[in-house]
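Report on one structure; see the data block that follows.
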Amino acid sequence: MADERLQQYVAYYEARMKKYENNPLYPNAYAAEKALYEAIRDAPDGDAFKQKLFGENLHVKNAIALVRDQETARKRHLEELKEVIRARGPAQILSEIDGFDKIEDLTARLNEINHENSKAISVDLLTDHFAADFTALENLQEAEEADVPSEWKSELKEYIQAEIEEGRRMWREIDLPNAHNWDPNWRMDYDLVWAERHRRKIPVPDEMIKRRIAEHKRYRGND
17 MADERLQQYV
27 AYYEARMKKY
37 ENNPLYPNAY
47 AAEKALYEAI
57 RDAPDGDAFK
67 QKLFGENLHV
77 KNAIALVRDQ
87 ETARKRHLEE
97 LKEVIRARGP
107 AQILSEIDGF
117 DKIEDLTARL
127 NEINHENSKA
137 ISVDLLTDHF
147 AADFTALENL
157 QEAEEADVPS
167 EWKSELKEYI
177 QAEIEEGRRM
187 WREIDLPNAH
197 NWDPNWRMDY
207 DLVWAERHRR
217 KIPVPDEMIK
227 RRIAEHKRYR
237 GND
């Protein structure tokens, strides 16, 4: 029975190894799984395998190898997309990954890094306030360029001013305080609009972007 159970484990670890075989994304995971497979394949019994597993820390090396491959792929992909903020997470993980000899410590640190990176991503996405206000800016443009009878011009002017005042109030009382929950020092940085990760989400010509930035500063009181 013991020998049969051992052979079942051998088959299990062989299947794990083959999952990564010839996969260019997982060279380290394959090598680590191969080491585990060979350890149990060559072990005379389960106790000998356990001794080698924990004695050489193969389980931790295996976890580190898998994380290394996953984060290397993520980092490369995000850098190709010029997602510089998102790429900081895997870069940080890769810079620290060799310093662990316990899986629980590795897992805890990975969670910390991912949480920190998630917060940085959320702060970066506050730049989307600009694109989110395009409808309001277009409505203001339409009102300002409307050809109306002279007796309606004063009413239209009051409407435009009221919309701008409301936009500034909402920015001051709602949007900015919410942003400061993420970063107390946050302010709208219009230079970030031109970063590829943000610019590609706004499908209008550059000249229109420049115009909308000026309008947004006026509308939100950031001028």
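To convert, take the position in the sequence shown, counting from 1, and add 16; that gives the working numbering.
Note that CB positions come from ideal geometry on N, CA and C, so glycine has one too.
Exercise. Where do the ends of the alpha helix (DSSP H) carrying V209 lie?
Worked result: Locating residue 209 in the sequence shown gives position 193, where the first residue counts as 1. Counting along the chain, V209 sits inside no alpha helix (DSSP H), nor does DSSP assign it H or E at all.
Exercise. For the putative contact between L153 and R104, defined by C-beta atoms under 8 Å, what is the C-beta separation to the nearest angstrom?
Worked result: For the purposes of this step, residue 153 is taken as residue 137 along the sequence shown, with counting starting at 1. For the purposes of this step, residue 104 is taken as residue 88 along the sequence shown, with counting starting at 1. Not really, about 32 Å apart at Cβ, beyond 8 Å.
Exercise. Taking Q24 as the reference, which of Y53, L41 and Q67 has the closest Cα?
Worked result: By 1-based counting over the sequence shown, the position of residue 24 is 8. Nearest in C-alpha terms to Q24, of all of Y53, L41 and Q67, is Y53.
Problem set entry | Local conformation of M17 per DSSP, three classes | Start at 1 with the first residue of the sequence shown, and residue 17 comes out as number 1. Below a pLDDT of 50, predicted positions are generally treated as unreliable, and M17, at 43, falls in that range; the measurement from the model is reported next regardless. Looking at M17 - three-state DSSP - the assignment turns out to be coil, as it is neither helix nor strand.
Problem set entry | Range covered by the alpha helix (DSSP H) that runs through L52 | Position 36 of the sequence shown holds residue 52. Start and end: P43 to R57.
Exercise. If you draw a straight line from the alpha carbon of P40 to that of W187, how long is it in whole angstroms?
Worked result: Translated into positions along the sequence shown, residue 40 becomes position 24. Translated into positions along the sequence shown, residue 187 becomes position 171. CA-CA distance, P40 to W187, rounds to 49 Å.
Problem set entry | Expected contact under 8 Å - CB spacing of I137 and I101 to nearest Å | As a working note, residue 137 is residue 121 in the sequence shown. As a working note, residue 101 is residue 85 in the sequence shown. Correct: roughly 6 Å between the Cβ atoms.
Exercise. Quick one: Cα of A48 to Cα of R92, how far?
Worked result: Position 32 of the sequence shown, counting from 1, holds the residue named residue 48. Position 76 of the sequence shown, counting from 1, holds the residue named residue 92. Looking at the two C-alpha atoms, the distance is approximately 22 Å.
Exercise. Would DSSP call I218 helix, strand or coil?
Worked result: Within the sequence shown, numbered from 1, the residue matching residue 218 stands at position 202. In this structure, I218 counts as coil in the three-state DSSP scheme.
Exercise. Would you call the stretch 111-125 and the stretch 72-82 touching, i.e. three or more CB-CB distances under 8 Å?
Worked result: Yes: at least three Cβ pairs fall under 8 Å.
Exercise. Are there 16 or more other CB atoms within 10 angstroms of the CB of G71, so buried, or fewer, so exposed?
Worked result: Residue numbering aside, residue 71 sits at position 55 when the sequence shown is read from its first letter. By the neighbour-count rule (16 or more Cβ atoms within 10 Å), G71 is not buried but exposed.
Exercise. Using the beta-carbon count (16 or more within 10 Å), is I190 buried or exposed?
Worked result: Start at 1 with the first residue of the sequence shown, and residue 190 comes out as number 174. By the 16-neighbour rule on beta-carbons within 10 angstroms, I190 is exposed.
For this session: Return the CA-CA distance between H214 and V26, expressed in angstroms with no decimal places.
Result: What you label residue 214 is simply residue 198 of the sequence shown in a count that begins at 1. What you label residue 26 is simply residue 10 of the sequence shown in a count that begins at 1. If I take the Cα positions, the gap works out to 50 Å.
Problem set entry | Rounded Cβ spacing between K68 and A55 (contact assumed at less than 8 Å) | Position 52 of the sequence shown, counting from 1, holds the residue named residue 68. Position 39 of the sequence shown, counting from 1, holds the residue named residue 55. About 5 Å separates the Cβ atoms of K68 and A55, confirming a contact at the 8 Å cut-off.
For this session: Please go through the same chain and pick out, in chain order, the residues whose beta-carbon is closer than 8 Å to the beta-carbon of E223, but skip the five residues on each side of it.
Result: Here the question's residue 223 lines up with position 207 in the sequence shown. Nothing meets the Cβ criterion.
Exercise. Considering only the beta carbon of each residue, do D61 and L97 sit closer than 9 Å?
Worked result: Translated into the one-based positions of the sequence shown, residue 61 becomes position 45. Translated into the one-based positions of the sequence shown, residue 97 becomes position 81. Contact flag unset, no.
Exercise. Contact check, L141 vs A195 under 8 Å by CB: the rounded distance?
Worked result: As a position in the sequence shown, residue 141 is number 125, starting the count at 1. As a position in the sequence shown, residue 195 is number 179, starting the count at 1. Contact doesn't hold; Cβ gap of about 10 Å is too wide.
Exercise. Going by alpha carbons, who is nearest to R184 out of H232, A64, R203 and E95?
Worked result: Along the sequence shown, one-based indexing puts residue 184 at 168. Checked all of H232, A64, R203 and E95; the closest Cα to R184 is H232.
Exercise. Who are the Cβ neighbours of N73 in its own chain at under 8 Å, not counting the five residues just before and after it?
Worked result: Within the sequence shown, residue 73 is the residue found at index 57, counting from 1. The residues are D117.
Exercise. So which of N201, N133 and L94 has the shortest CA-CA distance to Q108?
Worked result: The sequence position of residue 108 within the sequence shown is 92, counting from 1. Answer by Cα proximity: N133.
Problem set entry | M17 versus E128: straight-line alpha-carbon distance, rounded | Counted from its first residue, the sequence shown places residue 17 at position 1. Counted from its first residue, the sequence shown places residue 128 at position 112. Because the pLDDT of M17 is 43, which lies under 50, any placement of that residue in the model is unreliable, and the number read from its coordinates should be weighed accordingly. M17 and E128: Cα-Cα distance of roughly 44 Å.
Exercise. When we look at the beta-carbon of P106 and count the other beta-carbons within 10 Å, is it buried (16 or more) or exposed?
Worked result: Here the question's residue 106 lines up with position 90 in the sequence shown. That one is buried.
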